[in-house]
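S.K.:
Chains as they are written, first to last, in our numbering: chain B, 415 to 498; chain C, 415 to 498.
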């Protein structure tokens, strides 16, 4: 029970983590200090997380990682669009 | 078996994701485009992940998140040090 709550808290914080970054990049249009490697490695990891969630049939893992993946994908778009 | 491999791949990519960011920030000393919110939310999530790993007694989750947490913590230090 307590494990489940802590697990959900971990998932929620990771899930929302890229939201302030996306907002900042969208507003400032400055992305040069952000590493493309960070974004790409995170995206690849997230795809493996989604596959893992499908294989073990865990809806929370799938949903959390799809939401997270969308924000990271949008960050990749902003990085490519605004990078000098 | 295949789930385990995919789970490890997911963990490895997330674990190494902040390494290129840390290298970039260390080299360029430019961190203003990086959101403090991203770093802090990721750190909090990682702490919950470590607690979760301890509660369910999963050594891989603990180790992966400690290594990841160290890189994110170092990124926080670089962000505070070089932020204008």
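We put the CB at the ideal spot given by N, CA and C, even for glycine.
Which whole-angstrom value is the C-beta distance of residue 486/C and residue 460/C, which I expect to be below 8 Å?
M.R.: In the second chain, counting from the first residue as 1, residue 486/C sits at position 72. In the second chain, counting from the first residue as 1, residue 460/C sits at position 46. Right, their Cβ atoms sit about 6 Å apart.
S.K.: For chain B, find out if any of its Cβ atoms is closer than 8 Å to the Cβ of residue 491/C; answer yes or no.
M.R.: Residue 491/C sits at position 77 when you count from the first residue of the second chain. False, the Cβ-Cβ gap to chain B never drops below 8 Å.
S.K.: Can you tell me whether residue 456/B is buried or exposed? The criterion is at least 16 other CB atoms within 10 Å of its CB, across all chains shown.
M.R.: Here residue 456/B corresponds to residue number 42 of the first chain, with the count starting at 1. Classification for residue 456/B: buried.
S.K.: Residue 443/B and residue 496/B - do their beta-carbons sit closer together than 8 Å?
M.R.: Numbered from 1 along the first chain, position 82 holds the residue referred to as residue 496/B. Numbered from 1 along the first chain, position 29 holds the residue referred to as residue 443/B. Yes.
S.K.: Under 8 Å between the Cβ atoms of residue 469/B and residue 417/C?
M.R.: Here residue 469/B refers to the residue found at position 55 of the first chain. Here residue 417/C refers to the residue found at position 3 of the second chain. For residue 469/B and residue 417/C, yes; Cβs fall inside 8 Å.
S.K.: Whole angstroms is fine: what's the gap from residue 490/B's alpha carbon to residue 429/C's?
M.R.: Counting from one through the first chain, the residue named residue 490/B turns up at place 76. Counting from one through the second chain, the residue named residue 429/C turns up at place 15. Those two C-alpha atoms are separated by around 19 Å.
S.K.: Consider the Cβ of residue 482/C: report whether some Cβ of chain D lies at a distance smaller than 8 Å.
M.R.: Here chain D cannot be found, since the structure's protein chains are B and C.
S.K.: Within the continuous alpha helix (DSSP H) that includes residue 479/B, where are the two ends?
M.R.: In the first chain, counting from the first residue as 1, residue 479/B sits at position 65. Residue 479/B -> alpha helix (DSSP H) spans 473-496.
S.K.: Please list the residues of the segment 434-447 of chain C that have a C-beta atom closer than 8 Å to any C-beta atom in chain B, keeping them in chain order.
M.R.: Within the segment 434-447 of chain C, the residues whose Cβ lies closer than 8 Å to some Cβ of chain B are 434, 435, 437, 438, 439, 442, 444, 445, 446 and 447, listed in chain order.
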